[in-house]
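Protein chains in written order, with my numbering: chain A, 1 to 493; chain B, 1001 to 1103; chain C, 2001 to 2465; chain D, 3001 to 3645.
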Amino acid sequence: MNLSVLLLVPTLTAIAILLARNANQSRWIAFAGSAIQFGLAFALLYAFSHERTNGNYEQMLFVQQYNWFPAWNISYHIGVDGIAVAMILLTAFIVIAGVLVSWNVIYRTKEFYFLLILLSAGAYGFFLSLDLFILFFFLEVAVIPKYLLIGIWGSGKKEYSANKLALMLMGGSALVLVGLLGMYFSSGHEKTFDVLRLAQLHIPIDVQRIFFPLLFIGFGVFTALFPFHTWVPDGHSSAPTAGSMFLAGISMKLGSYGCLRVATWLMPDAAKEYAPIVILLSAIAILYGAFATMMQKDLKYINAYSSVSHCGFILLGIGMLTKTAITGAVMQMVSHGLMTALFFAVIGMIYERTHTRNVSEMGGLMKVMPFISTIFFIAGFCSLGLPGFSGFVAEMTIFMGSWQNTGLFYRVATVAACMSIVVTAVYILRAIGQTVMGPIKNQDYLQLKDAKWNEKLAAIILILGIIAIGVAPFWLNDLVRPGAEIIMQRIVK
Amino acid sequence: MQPGLNQILFISTALFFIGVYGFFTRRNLVTILMSVELVLNSVNLNFIAFNKYLWPNRLDGVFFTVFIIAIAAAEAAVAIAIIINLYRNHQSIDVEKAEEMKY
Amino acid sequence: MSEFFILMKSELVITFIIFLLLFIKIGKGMKNELLLQWIQILLLANCFVGFIDNRDGVLFDGMFHTSGLIAFEKNILSLGTYLISLLCVDWLKKTPHLPEFFILMLSALLGMFLMISSGSLLIFFLSLELSTIPVAALANFDLDKKISSEAAMKMILSSAFSSGVLLFGISLVYGATGTIGFASLPSHLDGGTLQILAFTFLFTAFAFKLSVVPFHLWTADVYEGAPIAVTSFLSVISKGSIAFIFISTLYKPFQALHPAWNNMLVIVAICTMIIGNLFAIRQQNIKRFLAFSSIAQVGFILVGMTANNISGNSSVVYFVLVYTFSNLAAFGVAAVISENAGKENIDDYKGLYQTNPFLSWIMAIALFSLAGIPPTAGFFGKLFLLTAGASAGNYWFIIIAALNMIISLYYYLRVIRAMFMDKNDEPIVRVKNNPMVSFALIICAVGILLVGLLSWIYEYIQSLA
Amino acid sequence: MPNAIYIALIPLLPLAGFLLLGLFGRRIFKNNSGVIGTLLMMCATIISLYVAYGYFFEYGKVNGVYQKLIPFKYAWLVFSKDLSIDMGITLDPISVMMLVVVTFISLMVHVFSLAYMKGEERFSTFYAFLSLFTFSMLGLVISSNIFQIYIFWELVGVSSFLLIGYYYDRPSAVAASKKAFIVTRFADLGFLIGILVLSFYSGTLDFNELISRLTAPGSDQLKAAVTSSFMGISAITWGTFLIFIGGAGKSAMFPLHVWLPDAMEGPTPVSALIHAATMVVAGVYLVARLFPVFAMAAPDSLQIVAYVGAVSALLAAVIACTQTDIKRVLAYSTMSQIGYMMFALGVAKYGGENGLGYTASMFHLFTHAMFKALLFLCAGAVIHFVHSNEMADMGGLRKKLPVTHIAFLIACLSIAGIPPFSGFFSKEEILLAAWQQNRTIYWIGLITSGMTAFYMFRLYFSIFWNRDFNDHHSAHNHHGEGGGLITIPLIILAIGSIVSGFIPFGNFVSSDGSRLATGFHASFSIMPVSIGVIGILIAGWLYKKQSDKPDKISSSLNGLYKTAYHKFYIDEIYLFITKKILFNLVGRPAAWFDRNVVDGLVNFTGNTTQVISEKIKGIQSGKVQQYAIYFLIGAIGLAALIIYW
């Protein structure tokens, strides 16, 4: 399979959207493009598993490499392993759902879809990259569309949030940049940005000590590493529905993927040294995010803070540095992506109808919009880690992996992380109880309509993804685990 | 006492700083321009002195001086033109009158 | 003899055009529009001439030298000048002294060409003055505007002062080494105190022209007061040429003083980025805003210069190319709006997208490029500068530079926000697009988008360097 | 070996019911949903009876010992070579017994609900949720893997949540469902960590492996688990204790019982199924499942199990005496009875005669399922009739609801431990086991037994005697007892409550699988039975006729009565902990910290930049001479820096 197609399709879609004559056309083009991409993602999954079952155990499959800037030894180098395939699948799910829920965007529709697709192109590129330069390129490609999506189509104090998001993410990527340069210049005589080459090198530990924190914090900003997470609540709450979905579902995953693929894999020694700090910060993020969520009243804030907490699991898994924990971290990336996208989608649907996101003003929505309420339930259950949904699988894998580390510190961190499942239950049930359950507080709500076809389709796609992982996690596990093994090999050595 | 290089350099440096001081403190634009000429002349002195005392067999310094004089003239011409225009607009050639743009 | 014509072809063409304009001035006046078209054609021809038969060579006993890289640099400057003549068409048409305008501008361009090619401090000084004094006159071209004459006054006085310091420096160099030829300088330089002092004075002259903090103070005032055509010329062409000569002066004749100038570069680069950014944050006037932003950009150029290797050189040249497109696009849009709506404040740009989506997009692309956001070329340019800078191993410096990119993003986004997000009941009216302007803007936009993605451009520069 | 497919059908049929009804119930099946659910459930019941028959009488026994059969296992999520979550089916005496209990009670409830829930707006949803619960519970009991049990554990939790909150527009129901879920979730936290601990030391998640590794004397895993300790307590004790916390939460053991009474907000059939017969005994089942580990490797944990069970039994009985809501009384009695089962397990040891407690516990679980489901369904019938849960609104119903009356009486006699009803046998066995192993607990059990008899008959007399029923509440509603759909399940269960006591349970279920002879010890039984009778008599004296005697007694026992009436203020303590401490002392500061410190830092950075930018604007003074001064200072300063530094 030619992986460049995965980049080409969104790019062409974006260009086609620009050429579209009216809003409706752009909608359908975006939908068609993302549907094709959705299909391609599955084709990739199939092709990948096919190769693997046929005994192709190359670390990366479908590799393509062209010298791009020979002077800097920068090449267009793409390829996938199981982890990347999982992330690409996730992106495909979220993009198509995001396109669908945005069907009602009437203000500057064309531009909206253009930016959405551009953002997705950045994400795809990021996950495909095997060259740190183009990885960084795509990382930054994904920043500005977010800014514009929030700033133009957002709500509330959108300018502030958009600014904060763009600047913090830019700050993160600035640190990433320095880290990447550090690796580049310590990659021996023939300097290289090539991930696979770097993964074979032994970067001196002193160098790692300096650049690992830069990279990890840099990527960590994207994935809401405590205390660099404060763009998350504001950004999410101000963003339009699809924006929040992309932000939490894809963009935050860019960071965690970077933490794993770049920081941890390429600098294993420093990763080991800094693991306690990573664990400490992520354990704090998990609990602290959960407790902060408890106090929120705005649905989007609830989900945003819970994202901080859930992304803490990802970083915890990465910090624990065991095969199972890392597998779990990747699963959590996928799971949280789908789940939070679903959550934001349903929040968007509710907001569109009730024009409020304040939980205390709602109530009894189950009566008037059972479909949306059911989605809300499902998203909530997934969030609180109910078996049968993806969150459970991911979290349990992380717990199992974390527990492999002996030592009181690790144990305490793991238990703290486990504790968050209770707190999560508290805030999720509070949200559910106050919005969809209970008596109807506002009589105007009786006129509200249930979900439309596009919303239903979007939700169903995401739910199918969630359930596919929750009910049958083995395929994802089989996909991800070899990748985690490769990362672990460097760490154990 | 025959003046040596150091004495000349001393004079030229003094001249340089006198020019600079004039540049900093005068309010009349034409006077400021004259201060610049002082600076340029101090440089001329430098060149001549270096040429004479240190590198007498190469005439670079002298040539340079010639060019500086020429350039100074050109510069002064343009500067005067600008000052005239400034005067037309501001009715003054006081440098402190032209501080509209700042911060 | 034919060697002479080939090596100096760019200068000769420019001189030829200047002569033509002089004759036109003497003869019966032509209509502005027709004249402008002719000038544009000539400038375009000049761009093409730049590509013919570029070879390395030395003239006048080493006073003038040229090479593939220098020719390329000159091409960038020619292209920039051509674009300015297109972008500012609205303003130029109304100017009563069009031939003079171009005579002055092209004289300055000629000065820059000579400066880039200069092989001795004498030629360098002469061409520097040639490239400065006409621009001061140009800055005054809005003859009736107070700020225009103020700008010109500030420019000519500051540059005269700077020349004084420069000359003092050159005289000390001459005194310390006995030579002013670039070729013979390195063998005489030993890093003595006097030499470093002399070099510092030399350095300030570059720094002044390049608007490096703390020698930058004239920049904002002149940019704001001068007509946009002049401002863009100053900020793009003039700065570009100085960057070229600066880096080649540092890398070749003054290579022996590398430790000294490296430290200087680091210090002033940090100051430049920070001060430029901090001032840019609070600007209202778009020209002044772009002035400070370009100061900050210069800081990044300095970062690249610290590399002290081929990549440093090529990345600086590359960045100037990118910067030419980006900044000209931004100034172009500003010029169109200023000329048609008479508005130059960022707040006036609010809601621009409602009425002028094309201009807004161009402006956005330009600003993103300046901010270094992919996939624009600015991203590549900036990244290469930082990479080159990092090759010297000074990572703290790179971190500061990288963090400064955040501040710069903040104020670029301010403009974006005004155009795309803020509501405005009375936005700037819909501007009728002049095809020439649109053409130039599209060239800039295409340049911004492609110069980065097409890697052979950088490779070409690298091969020249 | 049995065929795995049809065993798998037992849980899968309800799952199919859930999916069918959940996805299409509202649109397609509508009022037929109940029938579909019931039919599927009936199939499952028949299969499970068949399996039980096969297991107990055909293939289960090898050499006189009931084997643990694993006809099916699939690696669901592999962590490493040894550690994996498997989805499997275990057949052993207790799981088979539970299969029967769950399917049977569920079927009864399905049938009962056909009439009881008729006309509800979300009729199909109700059946979907019931099916979901049944599926989860069945999955739980047949789990072969400790993580599998955890998965279904959570699923029963959520189905319980959904069913308690079935009347989602009642704030009290919403609150109760939340409470139930969160309290059990909290307990599950212990369970989860317990799993992590045990799996870490045993290196496996499979029940069989885990038990064999952690009980085999001298095995490396056991040694490691016993020697490594945290806070002076060995890892295995921690592990088992934590797992027991999970069980205690589900089984509403003190102090995690607070959710159970509130859970009565759910429809009454749900209470019968989930909160009386099946889900709440999952904790007991869990301890029983891991019994060898508890008994052989972690006797300390088992002690805790015993005392927690005993305390819960007594406490619940005391509270039950004071409650006036009939469902709450039943809820507390459930808690009390589960306390019995727990302490029975707690006093048991592994193997032989000493394992009597184990058998007794399972036996009681079985009989309790019958009579408690019956009690709840009867209560449902009563509530259906009077439209109220309060005793004060009832009385004299024996003529209006004759079948219910008899059934309720049978159940009461059974729970009070009066021969020959089933409760008598199981309770005797429990008390006997306690007598043999731990006298303190025996006495607690005995007192509780008397109180049980008292409050059950208090309930009985208040509902069916006390005074004449006046129709003011349901004057408009004379539908009588309801049709066969209501009465048939009652009758069947009543028969079950009578008959099930005669099953020789020791033959089938024992701690080590071999036969355990249990006999009838007349001499031992005198005491418990007579205490039960005394309890009944007191209740009859107080409540058979309307009088002010109860009030007098309660006012004379003012302090105790009030405390018990307020459930010993445990709810208030929890409320204090959650509201005051978690919300106000942790949540609020965390949110504040985030808004003001973390976010504040970011804003501060931004603002500082702005402020600095404003402060330094003076540099650009607009005076060209000053520019030159800066120029010169810059030049000289730079030179000085470079030369002298």
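Ideal Cβ positions, reconstructed from N, Cα and C, are used throughout, including at glycine.
Identity of the residues DSSP links to residue i by a beta bridge
{"i": "D131 (chain A)", "result": "A:D194"}
{"i": "K2287 (chain C)", "result": "K2287 (chain C) is not bridged to any residue."}
{"i": "K3545 (chain D)", "result": "D:N3466"}
{"i": "G55 (chain A)", "result": "Beta-bridge pairing links G55 (chain A) to no other residue."}
{"i": "E140 (chain A)", "result": "Answer by DSSP bridge pairing: none, since E140 (chain A) is not bridged."}
Top-ranked residue by Cα proximity to residue i, from the options
{"i": "A92 (chain A)", "options": "A:A71, A:G249, A:N54, A:K323", "result": "A:G249"}
{"i": "I277 (chain A)", "options": "A:Y57, A:A329, A:L321", "result": "A:L321"}
{"i": "T435 (chain A)", "options": "A:M366, A:G385, A:F69", "result": "A:M366"}
{"i": "R261 (chain A)", "options": "A:G312, A:L6, A:E273, A:E485", "result": "A:E485"}
{"i": "L3632 (chain D)", "options": "C:F2208, C:M2264, C:H2065, C:G2050", "result": "C:F2208"}
{"i": "I440 (chain A)", "options": "A:M369, A:K272, A:V9", "result": "A:M369"}
{"i": "L181 (chain A)", "options": "A:A270, A:Q200, A:V63, A:W72", "result": "A:W72"}
{"i": "L128 (chain A)", "options": "A:A30, A:K452, A:N2, A:P473", "result": "A:N2"}
{"i": "L1054 (chain B)", "options": "C:A2136, C:T2177, C:L2370, C:S2127", "result": "C:T2177"}
{"i": "L3401 (chain D)", "options": "D:T3440, D:Y3460, D:S3234", "result": "D:Y3460"}
{"i": "F220 (chain A)", "options": "A:N405, A:Y288, A:G312", "result": "Here the sequence assigns Gly to residue 220 (chain A), which means Phe is not the residue at that position. G220 (chain A) has its Cα closest to that of A:G312, out of A:N405, A:Y288, A:G312."}
Cutoff 8 Å: residue i Cβ touching any chain A Cβ
{"i": "S3080 (chain D)", "result": "yes"}
{"i": "T2387 (chain C)", "result": "yes"}
Proximity test, Cβ basis, 8 Å: residue i and chain D
{"i": "W2218 (chain C)", "result": "yes"}
{"i": "Y1087 (chain B)", "result": "no"}
Any C-beta of chain B under 8 Å from that of residue i
{"i": "M2305 (chain C)", "result": "no"}
Closer than 8 Å to chain C by CB, residue i
{"i": "M170 (chain A)", "result": "yes"}
{"i": "I1018 (chain B)", "result": "no"}
{"i": "A1014 (chain B)", "result": "no"}
Quiz item: Which runs of the alpha helix (DSSP H) fall wholly inside the region 3027-3082 of chain D and span at least 4 residues, in chain order?
Solution: 3033-3054
Exercise. Entirely within the region 2024-2057 of chain C and at least 4 residues each: give me those alpha helix (DSSP H) ranges in chain order.
Key: 2032-2049
Exercise. May I ask you to list, following chain order, the residues of the region 1020-1049 of chain B that have a beta carbon less than 7 Å from some beta carbon of chain D?
Key: V1020, F1023, F1024
Exercise. Output, in sequence order along the chain, the residues in the region 3596-3611 of chain D whose CB is closer than 7 Å to any CB in chain C.
Key: Against chain C - using a Cβ distance shorter than 7 Å - the residues of the region 3596-3611 of chain D are T3609, Q3610.
Quiz item: Which whole runs of the alpha helix (DSSP H) in the region 2166-2247 of chain C are 4 residues long or more, in chain order?
Solution: 2185-2188, 2193-2209, 2217-2225, 2228-2232
Self-check item: Near-chain B residues of the region 2232-2253 of chain C - C-beta to any C-beta below 9 Å
Solution: none
Practice problem: Could you please tell me which residues of the region 1056-1074 of chain B, in chain order, have their CB closer than 8 Å to any CB of chain C? | Solution: R1058, D1060, G1061, F1063, F1064, F1067, I1068, I1071, A1074
Quiz item: What residues in the region 314-337 of chain A bring their beta carbon closer than 7 Å to a beta carbon of chain D?
Solution: T324
Exercise. Please name the residues in the region 2338-2361 of chain C whose beta-carbon is closer than 8 Å to at least one beta-carbon of chain B, in chain order.
Key: none
Exercise. Please list the residues of the region 2406-2424 of chain C that have a C-beta atom closer than 7 Å to any C-beta atom in chain A, keeping them in chain order.
Key: I2406, L2409, Y2410, L2413, R2417, F2420, M2421
Self-check item: Segments of 4+ residues assigned as alpha helix (DSSP H) that fall wholly inside the region 3599-3643 of chain D
Solution: 3599-3615
Practice problem: Let me know the beta strand (DSSP E) ranges lying completely inside the region 3321-3389 of chain D, each 3 residues or longer, listed in chain order. | Solution: none
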